[in-house]
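Undergrad: Dropping the structure in here first, questions after.
Here it is as structure tokens:
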């Protein structure tokens, strides 16, 4: 089998099984583990998978600009936002992540729902300004243009002073073993600060993000209390997440 053929077959196995080990691939394809590790390095460099110790996991799809994300899975994000609101209680202090799915939470808050929302998202802050009773606290920092959000050391330091009842988090990828991950190192640092002192952590993710992994860790999957996703999510991955004690909400 030629290298290109083996690598295509390797990716097909990864897509079917959700995880591959170098030892298993070596036996399957009748080549050395060194050859498989070389294949995994090349495929990781090409952005087609995420190497982990001993093997590989599916890589989340590439990061895109905020304006493009607004057009993706619009109805699914609206349903996820509405379902997340049903997990909230009046009077809570909420740390709200940047991102189009998180924005859907604000857009679905009932007009009489009094909460305080701390956010570094500019679109979320704008939406809060239109809400009759919800209070908003806007976290500053360096402008991260592609996310329409604050970022950097000032943002992280501000979140470390907050003790929210709940953190509502977006993620590029959700995996039972690899945890909650995202593309950007600075963005991951902000999200880690948001999660650090939250009593509850609600992750919002459309189904295609489940079972995938990105490059920077936010938190282990077991730190999440609730996952709100859509009905296209993999039943196998959802069951693995339930076994970690995560409450799954299908929107």
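Numbering (this note's numbering), first residue to last: 213 to 463.
Yeah, the Cβ is synthetic: ideal placement off N, Cα and C, and Gly gets one too.
1. Of all the CB atoms in chain D, is at least one closer than 8 angstroms to the CB of residue 425?
2. Would the segment 302-313 count as touching the segment 452-460 if we require 3 or more Cβ pairs under 8 angstroms?
3. How should residue 373 be labelled, buried or exposed, when 16 other C-beta atoms within 10 angstroms of its C-beta is the threshold for buried?
4. Within the continuous alpha helix (DSSP H) that includes residue 367, where are the two ends?
5. Report yes if the CB atom of residue 292 is closer than 8 angstroms to the CB atom of residue 386, and no otherwise.
6. Taking the alpha helix (DSSP H) that residue 399 belongs to, which residues open and close that run?
7. Within the chosen definition, does the segment 251-271 reach the segment 231-241 through at least 3 CB pairs nearer than 8 angstroms?
8. Going by other Cβ atoms of all chains shown within 10 Å of its Cβ, with 16 needed for buried, is residue 447 buried or exposed?
9. For the segment 379-399 against the segment 312-321, are there 3 or more C-beta pairs whose distance is under 8 angstroms?
10. In three-state terms, what does DSSP make of residue 221?
11. Name the DSSP beta bridge partners of residue 413, please?
12. Taking only the alpha-carbon atoms, compute the straight-line gap between residue 316 and residue 229 and give it to the nearest angstrom.
13. Taking its Cβ as the centre, do 16 or more other Cβ atoms sit within 10 Å of residue 410, making it buried, or is it exposed?
14. I'd like to check one pair, residue 345 with residue 326: are the Cβ atoms closer than 8 angstroms?
15. Residues bridged to residue 472 by DSSP?
16. Taking the alpha-carbon positions, what's the residue 254 to residue 424 distance?
17. When you compare each of 427, 398 and 392 to residue 415 by their alpha carbons, which one comes out closest?
18. Should residue 433 go down as buried or exposed, given a rule of 16 or more other Cβ atoms within 10 Å for buried?
19. Would you kindly work out how many angstroms separate the C-alpha atoms of residue 429 and residue 217, rounded to a whole number?
20. So, is residue 332 buried or exposed, given that buried needs 16 or more other C-beta atoms within 10 angstroms?
21. Rounded to the nearest angstrom, how far is the Cβ of residue 378 from that of residue 401, given a contact under 8 angstroms?
22. Taking the straight line between their C-alpha atoms, what separation do you get for residue 427 and residue 263?
23. Hey, out of 406, 215, 452 and 445, whose CA is closest to residue 365's CA?
24. For residue 261, which three-state DSSP category applies?
25. From the DSSP secondary-structure annotation, give me the bridge partner or partners of residue 428.
TA: In this structure, then:
1. In the displayed structure, chain D is absent; only one protein chain is listed.
2. The segment 302-313 and the segment 452-460 do not touch, with fewer than 3 CB-CB distances between them shorter than 8 angstroms.
3. Here the question's residue 373 lines up with position 161 in the chain shown. Burial call: exposed.
4. To locate residue 367, count along the chain shown from 1; it is residue 155. Annotation: the continuous alpha helix (DSSP H) that includes residue 367 extends over 365-371.
5. Along the chain shown, one-based indexing puts residue 292 at 80. Along the chain shown, one-based indexing puts residue 386 at 174. Their beta carbons are not under 8 angstroms apart, which means residue 292 does not touch residue 386 by this criterion.
6. Counting from one through the chain shown, the residue named residue 399 turns up at place 187. Where residue 399 is concerned, the enclosing alpha helix (DSSP H) stretches over 397-408.
7. The segment 251-271 makes contact with the segment 231-241: 3 or more CB pairs, one atom from each, lie closer than 8 angstroms.
8. The count along the chain shown starts at 1 and reaches residue 447 at position 235. With fewer than 16 other Cβ atoms within 10 Å, it is exposed.
9. Taking one beta carbon from each stretch, the segment 379-399 and the segment 312-321 have 3 or more pairs nearer than 8 angstroms; the two touch.
10. Counted from its first residue, the chain shown places residue 221 at position 9. When secondary structure is reduced to three states using DSSP, residue 221 falls in the helix class.
11. In the chain shown, residue 413 corresponds to position 201, counting from 1. Residue 413 is bridged to 379.
12. Against the chain shown, residue 316 aligns to sequence position 104. Against the chain shown, residue 229 aligns to sequence position 17. Linking residue 316 to residue 229 through their CA atoms gives a straight-line distance of about 32 angstroms.
13. If you number the chain shown from 1, residue 410 lands on position 198. Residue 410 sits buried, since 16 or more C-beta atoms from the chains shown fall within 10 Å of its C-beta.
14. Counting from 1 along the chain shown, the entry for residue 326 is found at position 114. Counting from 1 along the chain shown, the entry for residue 345 is found at position 133. Judged by beta-carbon spacing, residue 345 lies within the 8 angstroms limit of residue 326, meaning their Cβ atoms are closer than that value.
15. Within the shown structure, residues of the chain are numbered from 213 to 463, placing residue 472 beyond reach of any answer.
16. Walking along the chain shown from the start, residue 254 turns up at place 42. Walking along the chain shown from the start, residue 424 turns up at place 212. So the two alpha carbons sit approximately 18 angstroms from each other.
17. The count along the chain shown starts at 1 and reaches residue 415 at position 203. Measuring C-alpha to C-alpha distances from residue 415 to each of 427, 398 and 392 identifies 392 as the nearest.
18. As a first step, residue 433 is located in the chain shown; it is residue number 221 there, counting from the start. Of the other Cβ atoms in all chains shown, 16 or more fall within 10 Å of the Cβ of residue 433; this residue is therefore buried.
19. Taking the chain shown and counting its residues from 1, one reaches residue 429 at position 217. Taking the chain shown and counting its residues from 1, one reaches residue 217 at position 5. Their backbone Cα atoms lie some 32 angstroms apart in a straight line.
20. For this step, residue 332 is matched to residue 120 along the chain shown. That one is buried.
21. In the chain shown, counting from the first residue as 1, residue 378 sits at position 166. In the chain shown, counting from the first residue as 1, residue 401 sits at position 189. No, residue 378 and residue 401 are not in contact; Cβ-Cβ is about 20 angstroms, not under 8 angstroms.
22. Position 215 of the chain shown, counted from the first residue, corresponds to residue 427. Position 51 of the chain shown, counted from the first residue, corresponds to residue 263. So the alpha carbons of these two residues sit roughly 10 angstroms apart.
23. On the chain shown, residue 365 is found 153 positions in, with the first residue counted as 1. That would be 406, whose Cα lies nearest to the Cα of residue 365.
24. Sequence index remark: in the chain shown, residue 261 carries index 49 (1-based). For residue 261, the secondary structure class from DSSP, reduced to helix, strand or coil, is coil.
25. Within the chain shown, residue 428 is the residue found at index 216, counting from 1. BP columns for residue 428 point to 394.
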